[in-house]
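Protein chains: 2
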Amino acid sequence: MTRHVQRSPGASLAAMSPGSQQRPAPVVEVVDLLFELTDRVKAQFAVVTGALELQVPQARTLLRINGPVSMRDLAARLRCDASNMTGIIDGLHARGLVERNPLPNDRRVKQVVLTEEGKRLQTRLRQRLAVDVPVLGKLDDTQRQELHAILLRVVER
Amino acid sequence: MTRHVQRSPGASLAAMSPGSQQRPAPVVEVVDLLFELTDRVKAQFAVVTGALELQVPQARTLLRINGPVSMRDLAARLRCDASNMTGIIDGLHARGLVERNPLPNDRRVKQVVLTEEGKRLQTRLRQRLAVDVPVLGKLDDTQRQELHAILLRVVER
DNA sequence: TAACAATAGTTGACCTCAACCAGTATCTTG
DNA sequence: CAAGATACTGGTTGAGGTCAACTATTGTTA
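Structure follows, in structure tokens:
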């Protein structure tokens, strides 16, 4: 695209429908801003993970592992195809961040757990995200809480 | 249940770092929710445009055309490479939604304008988005204004 | 004015990413 | 044993985006 930014559907739709003289009806504009924000967050997310020498999918995965998880459950959490999980975990494993322990009861499943190194990196990653991602940087605690509440309401989960 | 949704970096990072007993510090969770929401909006956006037999990039483009715009400016608005514009506009043109008028002063540039049909479809698209996209459906006016304000603050433009 | 540089649009080749699908080996369960 | 689930492999596909040329036109400048 323009040569420097990746996009999502609906950025900058702020302009109004041709005839209407009513107020800016943020209907479409909210969607617009949302995508704008998401793009920036994504970009910054990539910068942060890159600085820790993690690929984006690896970082996403790392952030989801807390207790032992099967590959399948991990894939479900990340909403990606299970077949993609293997490669991601391979990468994390190669860096000594996770281990694959076969579950004793059911030796088909391999439980993924963080190593100590993995835990350390997960914590660093969280810290860097908190500092470097614009969602938080530009909002004070109150505003962030507000945004959080609204998002929760919209996403409802 | 892995195989039907497209993802973005960082969904559902809600869990806390292992050791910490402090409060849920929504730091990462906000990012998480944001991506979750964006994914849903994108998905619904695609559904709506599909119902109007528009491809997503076509719909995005349609929403940006209000006055006459050069291909280049359009590409800039959409933050995509100018080379992608051609095909998108081709599609819209084939459906009689836009026209390419060469600018008299500078015959290199082609000005894209909506036809009457194009204006009608743009309006319908806006309406459908307003109704069917979850950002608005689950929030009342006040809440939407709140979200709008916060997004504006974060995105700052 | 003739040569040169720059710009708008277009085309087409290429790359990446992730979903999708099928097949295999291993294991559990009825 | 048959059926089904887990993990892994590998191939295909499609959507996006990047990039390099090429044409036509305009602007600059020696």
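Here the protein sequences line up with chains A and B, keeping their order.
Here the first sequence is numbered in our numbering, starting from 112 and rising by one per residue.
Here the second sequence is numbered in our numbering, starting from 112 and rising by one per residue.
Ideal Cβ positions, reconstructed from N, Cα and C, are used throughout, including at glycine.
These numbers come from a predicted model, not from an experiment.
Proximity test, Cβ basis, 7 Å: residue i and chain B
i        : result
A:LEU240 : yes
A:PRO135 : Interpretation of A:PRO135 is limited by its pLDDT of 43, a score under 50 that renders its predicted location unreliable; the figure taken from the coordinates is listed afterwards. Judged by the 7 Å Cβ criterion, A:PRO135 is not in contact with chain B.
A:LEU272 : No answer is possible for residue 272 of chain A: the residues shown for chain A start at 112 and end at 268.
A:VAL159 : no
A:THR253 : no
A:VAL139 : yes
A:VAL180 : no
A:LEU173 : no
For residue i: DSSP bridge partner residues
i        : result
B:GLN222 : B:SER181 and B:ASN212
Minimum Cβ-Cβ distance from residue i to chain A less than 7 Å
i        : result
B:THR149 : yes
B:ILE261 : yes
B:GLN132 : Confidence at B:GLN132 is low in this model, with a pLDDT of 38, below 50, so the placement of that residue should be treated as unreliable; the coordinate-derived value is given next. It does not; no Cβ of chain A falls within 7 Å.
B:VAL142 : yes
B:ARG237 : yes
B:THR197 : no
Chain-ordered neighbours of residue i on chain B, where CB pairs are closer than 8 Å
i        : result
A:GLU267 : LYS249
A:GLU164 : Per Cβ cutoff of 8 Å: no residues; A:GLU164 is ~16 Å from chain B at best.
A:PRO245 : VAL265
Assumed close pair residue i, residue j - CB separation to whole angstroms, cut-off 8 Å
i        : j        : result
B:VAL270 : B:PRO179 : Any answer about residue 270 of chain B is impossible in this case: the structure gives chain B only from 112 up to 268.
A:VAL220 : A:SER181 : 5 Å
B:LEU91  : B:ALA154 : As displayed, chain B neither begins before 112 nor continues past 268, which places residue 91 of chain B out of reach and without an answer.
A:PRO168 : A:ILE200 : So it is not a contact: roughly 10 Å between Cβ atoms.
B:GLN233 : B:LEU173 : 5 Å
B:PRO245 : B:VAL152 : 6 Å
B:LEU144 : A:LEU263 : 7 Å
B:GLU257 : A:GLU257 : 7 Å
B:VAL142 : A:LEU240 : 7 Å
A:THR226 : A:GLY248 : Going by Cβ atoms, the distance from A:THR226 to A:GLY248 rounds to 31 Å, so no, they are not a contact pair.
A:ARG175 : A:LEU189 : 6 Å
Proximal chain A residues relative to residue i, where beta-carbon distance stays under 8 Å
i        : result
B:VAL224 : Neighbours of B:VAL224 on chain A: none; closest Cβ ~11 Å, over 8 Å.
Extent of the continuous alpha helix (DSSP H) run through residue i
i        : result
A:GLU227 : 227 to 243
B:ASP201 : 193 to 205
A:ILE176 : Run containing A:ILE176: none; DSSP gives neither H nor E here.
B:GLU257 : 252 to 266
Residue i: contacting residues in chain B (beta-carbon distance under 7 Å)
i        : result
A:VAL152 : VAL142 and LEU145
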